[in-house]
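Take the sequence shown: its position 11, counted from the start at 1, is 11 in the working numbering, and no numbers get skipped.
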Amino acid sequence: MSPVRRCSRTACALPAVATLTYVYADRAAVVGPLAVHAEPHCYDLCEDHANRLTAPLGWEVVRHSPEAADVVRKRSSDDLEALADAVREAARPAAGGIVAGPDGATGRRGHLRALPTPG
Ligand SMILES: [Zn+2]
């Protein structure tokens, strides 16, 4: 076994800190602590790639690592802020006469995230 495992992303040479596992049955991309054994459907990721991971459409990202959870919380609050801005924007009376279409009001909902349970 090699002492340092590398991120499995192309052109990324950073050491892996997390393992991504695709759970096809649940359509979940699970990011957890570095797996002891390399397994099929598992991909080692560096911190950067683990944090930036997005699930394919229709899948959800589930994060288990405490470190990653911190980052997720931080990113999520950013996302929530952006979402809140977008909602405020959409909810604003159309003073300028521009009315959002039926689908324009809420925007995309494709990026819901599974948040780690506190504790
Ligand atoms: Zn990487």
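For each residue, glycine too, the CB sits at the ideal point set by N, CA and C.
So what does DSSP say about residue i, is it helix, strand or coil?
| i | result |
| --- | --- |
| residue 7 | coil |
| residue 48 | helix |
| residue 68 | Interpretation of residue 68 is limited by its pLDDT of 49, a score under 50 that renders its predicted location unreliable; no figure is taken from the coordinates. |
| residue 55 | coil |
In the DSSP assignment, what are the bridge partners of residue i?
| i | result |
| --- | --- |
| residue 21 | 30, 42 |
| residue 15 | 6 |
| residue 61 | 29 |
So residue i is in the beta strand (DSSP E); what residue range does that whole segment cover?
| i | result |
| --- | --- |
| residue 36 | Per DSSP, residue 36 belongs to no beta strand (DSSP E) and is neither H nor E. |
Comparing the CB of residue i with every heavy atom of ligand 1, is any distance shorter than 7 Å?
| i | result |
| --- | --- |
| residue 48 | yes |
| residue 63 | no |
| residue 42 | no |
| residue 5 | no |
| residue 45 | yes |
| residue 27 | no |
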